[in-house]
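For the sequence shown, this note's numbering assigns the number 16 to the initial residue and increments by one for each residue that follows.
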Amino acid sequence: MDFAQAGKILKENGQEHVLRFWKQLGKASREALIAQIASIDFRALARMADLLSKRGEPPAKKRAPVAPKVHELAGKARARAVAAGEKEIAAGRTGVLLVAGGQGSRLGFDGPKGAYEIGPITNASLFHYHARKVLALSLRYGADIPLYIMTSEANDAATRAFFKQNGFFGLDPENVVFFTQGMWPGLDDGGKIIMAAKDRIFMSPDGHGGMVDALEKRGCFADMRKRGVRTLFYFQVDNPAVEICDPAFIGLHVLEKSQYSLKLCAKRDPGEGLGMVVKRGDSFDMIEYTEMTDEMNNRRTKDGELYFKYGSPAIHVFDRAFLEKEAAKDMPLHLAHKKIPCVDAKGRAVKPSAPNGWKFEKFIFDCLADAKRVTNLAFDRADEFFPVKNAEGNDSPATCRAGLQAKWRRQLAEAGIKVDESVPVEIDPVYALDAQEIASVGLFL
Ligand code: UTP
16 MDFAQAGKIL KENGQEHVLR FWKQLGKASR EALIAQIASI DFRALARMAD LLSKRGEPPA
76 KKRAPVAPKV HELAGKARAR AVAAGEKEIA AGRTGVLLVA GGQGSRLGFD GPKGAYEIGP
136 ITNASLFHYH ARKVLALSLR YGADIPLYIM TSEANDAATR AFFKQNGFFG LDPENVVFFT
196 QGMWPGLDDG GKIIMAAKDR IFMSPDGHGG MVDALEKRGC FADMRKRGVR TLFYFQVDNP
256 AVEICDPAFI GLHVLEKSQY SLKLCAKRDP GEGLGMVVKR GDSFDMIEYT EMTDEMNNRR
316 TKDGELYFKY GSPAIHVFDR AFLEKEAAKD MPLHLAHKKI PCVDAKGRAV KPSAPNGWKF
376 EKFIFDCLAD AKRVTNLAFD RADEFFPVKN AEGNDSPATC RAGLQAKWRR QLAEAGIKVD
436 ESVPVEIDPV YALDAQEIAS VGLFL
């Protein structure tokens with residue numbers, strides 16, 4: 016793209032102001048700005064402006080939400096699911112999707128969130144646990160399990176460097192695929208692109224839902240097809256307790272011929288900020304916690320249980336072919352009002368004290384609406400959900416470390432190993448993934 020082409024496309028889209036400072040820019044700045052303009056998806060931009068213009072309008076009426084069926088696997092049903100999952104993994108048909116493109120602003124950590132040190136003794140990073148679990152699984156099942164890691168422009172180079180520095184945590188680099196998600200411009204109230212500087216458009220990652228489009232554009236679906244991968248385990252970077260490729264979950268997904276499967280856990284309290292899977296007529300939907308009313312949060316069944324009992328910690332399994340079809344569709348857009356540092360029409364830096372612009376994102380769970388076959392599996396959060404979201408309080412490094420310690424202690428106890436409460440414990444996934452493995456390997460100190 017050259018200056019004339021950039022000017023033309025901006026004019027067609029009512030965004031000529033992006034080149035307002037062109038004459039003041041040096042060669043490198045001009046090239047960088049043209050590259051940014053060339054990267055913009057102007058069709059998506061038009062959808063964003065349309066959404067903005069409609070804000071304030073009442074939302075479309077939807078059918079009343081109903082709590083969906085949730086499997087609670089036990090006994091023979093669990094054994095059947097585990098066997099099917101183990102078969103799927105051992106056949107090399109399973110891949111892992113890790114979304115790690117977020118900005119981690121609540122934690123306030125400078126660097127990719129996956130590099131955050133969470134190991135109670137070794138200070139091992141979040142990425143360490145994820146990668147070592149994938150390695151342990153591929154050793155256990157004698158199969159390749161490719162790990163696809165979504166990064167964003169802001170943390171891609173640092174994420175790749177972190178894996179390199181750490182020898183890919185023992186994984187074969189051929190089986191680790193980094194792919195970057197898309198970036199979207201921020202818009203002001205009038206739908207105009209916000210300039211972060213005279214030579215730079217303000218851009219931010221397009222949300223975890225951007226994964227679907229990015230998998231297609233970066234050739235990951237093609238890579239999966241080549242490898243014979245059809246079942247994809249999805250999780251977020253902030254939860255080191257997640258049971259990656261839990262065979263029972265993978266197996267249930269396969270046996271149910273599911274397109275989109277979700278692990279769900281009982282909410283900590285009625286108002287906990289977890290998304291809620293619901294059915295509306297024949298389709299599925301996720302209600303964000305911000306959209307749950309008090310009445311919905313506190314509704315009870317006649318047995319006194321919460322009616323909307325289960326929340327989603329964003330642990331999913333996808334059928335690859337289903338996700339590939341989703342990539343051909345426009346996912347819904349979500350907008351958030353934010354304080355966006357920028358330059359004004361005169362090129363003066365502005366540090367807003369109140370929200371001045373809009374960021375746009377796609378959410379992965381919006382794929383639910385298109386899934387005909389959805390499977391929900393209940394799990395015990397004490398086993399696998401201690402996310403690191405906030406710097407302090409709930410869902411912080413402190414609660415995560417405490418959760419990991421308790422989990423590892425339970426596993427050791429189950430394996431017949433007593434450890435004094437005052438002694439910190441840490442278990443590397445390659446040493447043992449569960450109590451059974453601890454018991455079979457034994458303890459060497
Ligand atoms: P969160 O919603 O927790 O956002 O992301 P975040 O950016 O990590 O943290 P905050 O909200 O700024 O504090 C959930 C998961 O989705 C990924 C994150 O990396 C995390 O694993 N994500 C989020 C992306 O990969 N890309 C995005 O654009 C947003």
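Ideal placement from N, C-alpha and C gives every residue a C-beta, glycine not left out.
Please name the residue or residues paired with L66 in a DSSP beta bridge. Bridge partners of L66: none, in fact.
Considering only the alpha carbon of each residue, which of V389, K366, D398, H349 lies closest to K374? H349
Inter-residue Cα distance where the pair is I453 and Q420: 15 Å
Beta carbon of P220: closer than 7 Å to some heavy atom of the ligand UTP? yes
Would H32 be called buried (16 or more neighbouring beta carbons within 10 Å of its own) or exposed? exposed
Relative to the ligand UTP, is the shortest distance from any of its heavy atoms to the C-beta of V81 smaller than 7 Å? no
Assign M226 to one of two classes, buried (16 or more other C-beta atoms within 10 Å of its C-beta) or exposed (fewer than that). buried
Residues bridged to I302 by DSSP? M291
Exposure label - F18; buried when at least 16 CB within 10 Å: exposed
Taking 7 Å as the cut-off, is the beta-carbon of Q251 closer than that to any non-hydrogen atom of the ligand UTP? yes
Would you call the region 110 to 124 and the region 235 to 251 in contact, with 3 or more CB pairs under 8 Å? yes
Can you tell me whether H10 is buried or exposed, with buried defined as 16 or more other CB within 10 angstroms of its CB? Residue 10 is absent from the model: the chain starts at 16 and stops at 460.
Quick one: does the C-beta of S491 sit closer than 7 Å to a heavy atom of the ligand UTP? Residue 491 is absent from the structure shown; the chain starts at 16 and stops at 460.
Assuming P328 and R147 make a contact with CB atoms under 8 Å, what is their CB distance in whole Å? Rounded, the Cβ-Cβ distance is 21 Å, inconsistent with contact.
Cβ of L230 versus every heavy atom of the ligand UTP: is any distance shorter than 7 Å? no
Would the beta-carbon of M165 be found less than 7 Å away from any heavy atom of the ligand UTP? yes
For the region 49 to 106, list the alpha helix (DSSP H) runs that are entirely contained and at least 4 residues long, ordered along the chain. 57 to 68, 90 to 105
Please classify G302 as buried or exposed, where buried requires at least 16 other C-beta atoms within 10 Å of its C-beta. In the sequence on display, residue 302 carries Ile and not Gly. With 16 or more other Cβ atoms within 10 Å, it is buried.
I'd like to confirm something about L112: is its beta-carbon nearer than 7 Å to some heavy atom of the ligand UTP, or not? no
Looking only at its own chain, which residues have a Cβ that is under 6 Å from the Cβ of L25, when we skip the five neighbours before and after it? E31, V33
The region 165 to 179 / the region 217 to 234 touching (three or more Cβ pairs under 8 Å): yes
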